[in-house]
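Working notes for the structure below.
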Amino acid sequence: MLKKLFVQNYGIIEKTSVDFSDRLTIITGETGSGKSMLLGALSLILGNRASSSNILFDKNKKCVVEGLFDLENKSLKSFFDEHDLDYEPETIVRREITASGKSRAFINDTPVNLTVLNQLSNRLINLHGQHQSLYLNDKSYQLFILDNLAGHLDKVQKYKTQFYKYQDKVVSLKELKSSANQLKKELDYITFQANELEEANFVSADEQISIETELNELSNSEEIRTTLLELGELFSGSESPIQNSLQKIKKNFARIADFGEKYQSLNKRLESLILEMNDLSSESSYVAESVESNPAKGQELKERLDLILRLQNKHQLDSVEELIALKEELISKRDSVMVQGDEIERLEKECIDLKKKTLQLAEKISKKRQKTVNILSKKINQQLFDLGMEHAALHVQLETNKDELTKVGIDQVQFLFASNKGSLPVEIKKVASGGELSRLMLSIQSLLADSSQLPSLIFDEIDTGISGEIAIKVGKVMKRISADHQLICITHLPQIACIGDKHLRIFKTDEGKHAVSKIEEIDGEERIIEIGTILSGEPPSDKAKDNARELLAFMNS
Numbered sequence: 065m066l067k068k069l070f071v072q073n074y075g076i077i078e079k080t081s082v083d084f085s086d087r088l089t090i091i092t093g094e095t096g097s098g099k100s101m102l103l104g105a106l107s108l109i110l111g112n113r114a115s116s117s118n119i120l121f122d123k124n125k126k127c128v129v130e131g132l133f134d135l136e137n138k139s140l141k142s143f144f145d146e147h148d149l150d151y152e153p154e155t156i157v158r159r160e161i162t163a164s165g166k167s168r169a170f171i172n173d174t175p176v177n178l179t180v181l182n183q184l185s186n187r188l189i190n191l192h193g194q195h196q197s198l199y200l201n202d203k204s205y206q207l208f209i210l211d212n213l214a215g216h217l218d219k220v221q222k223y224k225t226q227f228y229k230y231q232d233k234v235v236s237l238k239e240l241k242s243s244a245n246q247l248k249k250e251l252d253y254i255t256f257q258a259n260e261l262e263e264a265n266f267v268s269a270d271e272q273i274s275i276e277t278e279l280n281e282l283s284n285s286e287e288i289r290t291t292l293l294e295l296g297e298l299f300s301g302s303e304s305p306i307q308n309s310l311q312k313i314k315k316n317f318a319r320i321a322d323f324g325e326k327y328q329s330l331n332k333r334l335e336s337l338i339l340e341m342n343d344l345s346s347e348s349s350y351v352a353e354s355v356e357s358n359p360a361k362g363q364e365l366k367e368r369l370d371l372i373l374r375l376q377n378k379h380q381l382d383s384v385e386e387l388i389a390l391k392e393e394l395i396s397k398r399d400s401v402m403v404q405g406d407e408i409e410r411l412e413k414e415c416i417d418l419k420k421k422t423l424q425l426a427e428k429i430s431k432k433r434q435k436t437v438n439i440l441s442k443k444i445n446q447q448l449f450d451l452g453m454e455h456a457a458l459h460v461q462l463e464t465n466k467d468e469l470t471k472v473g474i475d476q477v478q479f480l481f482a483s484n485k486g487s488l489p490v491e492i493k494k495v496a497s498g499g500e501l502s503r504l505m506l507s508i509q510s511l512l513a514d515s516s517q518l519p520s521l522i523f524d525e526i527d528t529g530i531s532g533e534i535a536i537k538v539g540k541v542m543k544r545i546s547a548d549h550q551l552i553c554i555t556h557l558p559q560i561a562c563i564g565d566k567h568l569r570i571f572k573t574d575e576g577k578h579a580v581s582k583i584e585e586i587d588g589e590e591r592i593i594e595i596g597t598i599l600s601g602e603p604p605s606d607k608a609k610d611n612a613r614e615l616l617a618f619m620n621s
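Per the numbering used here, the sequence shown runs over residues 65 to 621.
As structure tokens, this is what we get:
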């Protein structure tokens, strides 16, 4: 139950504090006096979003809205425990909007996000705005009404979670099948390319360099062999001029070696040189014997190199290393078709299993809905009768299709309305007048309040389009609702204004450069004057005030 509402710096409300009755609080005031501002401020602590650009009375100060709720005897402690909040029988919910647009929300001084705030408010208050009757044409709202009365909203939420899980699997399966089908279309070409590269059987990443080096050697084998043999002949043999000269120099150096260390050093270097030249000569001759002309092998290497160059040109690559990488990529794609086939089979089984479980949940919900349809129609029609619509009837149609799972199950609901005796039921939007919509919505709100055990209801001009005797009947229904629920009602009707346990008047004054909305509790003669004003205008005549007294007495008799 909402005990108190504090509003500061919101719209044309500079600062106000409002206490509410635990039963029926009536709020009246001229159009534009700030009644919608009060509800707008209240919507902030219910978790609605807001922009600082259009709600701040003073653009340099923050907006503060604070509600004091009586949670005693309400099973909400588990909610507080779940969200790590301090539970208090009297809980304070606060919302702040800074001039920069930053929003902060608190429950008992603990910061919370708007989702948590909204979840709590949905368990405390049902706020019916001026245009909410239009929701009656919305099939999702119609189904919500049916599910609420059926008392299985938790099962519906569980179903939605299961349904979206199933949908995600279906989407994954569809995407995988699409990818697999695309790969299958390319499979022959991919397989051909992969096989061609596999058959190339590359030895190593530097194979091309090795082949080019070996081919170059084979192509110039005669020149290499001749050069090596010439070097061997130049140094070998006793008749070699170079050998003769070196031997002569060696003897001469040996004679002068004893003449000093520097000559000994030169002699040693000469001996090393002669040894190196002899070794070079021997190795050149040995290598020359291994160099041979091999046209067959050369042809083989040329063919191998041609294959490599052709594959590089075909795939627009520059090296064997890149060809090897391409081969591995193509093999992976080729093999993935088989892997995807296994994955598709696994996902198909999961989808079948999830669909079965989802359908089972949907069928249970559907059975409960089918049992509730007649109950809903009967209760609403009784309410409509009590509200002066003796021949009106709400018909609830429920169509079930087990072959089509949707986010709301396997059912489609449609509310049909007949307002006159003998008339055929049609869609609500095609027949119901404003007053009829108001009474139909009041009946539904009353039913929802009882089924959901909401402690508080707020009606913003739910009496639109009615007057006279019908207004009296609507007032009686509201009074009956307030016996079990806190009811806060904004009204322009004198009949409704008379039934409140507490009467608040909102009015607008000019203070300096600003129009300021204020709210006050009225009773006694002030209330008579307010109801008389609603009846005849301001200032009310004596007759209007007498009528107000009579109406007050009648509505509370």
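C-beta atoms are modelled at their ideal positions from N, C-alpha and C, and glycine is treated no differently.
inquiry  = So, with DSSP's three-state summary, where would you put Gly-499?
reply    = helix
key: Own chain, CB closer than 6 Å to Asp-514, minus 5 neighbours either side, in chain order   = none
message = By the DSSP assignment, the alpha helix (DSSP H) with Ala-114 in it spans what residues?
response = Segment: none, Ala-114 is in no alpha helix (DSSP H) and carries neither H nor E.
ask   = Does the segment 100–114 come within contact of the segment 152–159, defined as at least 3 CB pairs closer than 8 Å?
value = yes
N- and C-terminal bounds of the beta strand (DSSP E) containing Glu-585 = 578–586
Buried/exposed call for Pro-558, threshold 16 Cβ in 10 Å = buried
query = Would you say Val-477 and Leu-462 are within 9 Å of each other, going by their C-beta atoms?
reply = yes
ask   = For Pro-603, which of helix, strand or coil comes out of DSSP?
value = coil
query = Relative to the alpha-carbon of His-556, which residue among Leu-282, Ile-90, Ile-209 and Tyr-253 has its alpha-carbon at the smallest distance?
reply = Ile-90
inquiry  = Can you tell me which residues form a DSSP beta bridge with Ile-490?
reply    = Reading off the sequence, residue 490 comes out as Val, not Ile. Val-490 is bridged to Phe-481.
key: From Gln-307, Ser-357, Gln-226 and Glu-297, residue whose alpha carbon lies closest to that of Glu-287   = Ser-357
query = His-379 lies in the beta strand (DSSP E); which residues open and close that run?
reply = No beta strand (DSSP E) contains His-379, which is instead part of the alpha helix (DSSP H) from 359–379.
key: Own chain partners of Ser-167 with C-beta closer than 6 Å, once the 5 adjacent residues on each side are dropped   = Ile-161
request  = Starting from the Cα of Leu-237, find the closest Cα among Ser-441, Ser-487, Ile-598 and Ile-416 and give me that residue.
outcome  = Ile-416
ask   = In terms of residues, what are the limits of the beta strand (DSSP E) holding Ile-171?
value = 167–171
query = So with Cβ pairs under 9 Å, would you call Lys-222 a contact of chain B?
reply = The structure shown contains no chain B, having only a single protein chain.
task = Provide the residue(s) that pair with Val-403 in DSSP beta bridges, ordered along the chain.
result = According to DSSP, which records beta bridges pairwise, Val-403 is partnered with nothing at all.
query = Short check: CB of Ile-77 to CB of Ser-581, under 9 Å?
reply = yes
Unbroken beta strand (DSSP E) run spanning Pro-558, endpoints = Taken as a continuous stretch (DSSP letters only), Pro-558 belongs to no beta strand (DSSP E), being part of the alpha helix (DSSP H) at 558–561.
query = Does the beta-carbon of Gly-165 have 16 or more other beta-carbons within 10 angstroms, so that it is buried, or is it exposed?
reply = exposed
key: Given Ile-587 as reference, the closest of His-567, Glu-602 and Asp-382 once Cα atoms are compared   = For the sequence presented, residue 587 should be read as Asp rather than Ile. Of the candidates His-567, Glu-602 and Asp-382, the one whose C-alpha sits nearest the C-alpha of Asp-587 is His-567.
inquiry  = Here's a check: name, in chain order, each residue in its chain whose Cβ is nearer than 7 Å to the Cβ of Lys-99, leaving out the five neighbours to either side.
reply    = Ile-91, Gly-93, Ile-554 and Ile-570
ask   = Which residues in the same chain have their Cβ closer than 6 Å to the Cβ of Asp-211, if we skip the five residues on either side of it in sequence?
value = Leu-217 and Val-220
inquiry  = Nearest by alpha-carbon distance to Leu-369: which of Glu-271, Leu-292 and Gln-434 is it?
reply    = Glu-271
Sequence-distant residues of its chain with Cβ nearer than 6 Å to Ile-338 (five each side left out) = Leu-310
ask   = Which one of Leu-616, Ala-617 and Asp-574 has the shortest CA to CA distance from Ser-97?
value = Asp-574
key: Backbone CA spacing between Glu-385 and Ile-395 [nearest angstrom]   = 16 Å
key: Selection from Arg-613, Ile-593 and Glu-614 that minimises the alpha carbon distance to Pro-604   = Ile-593
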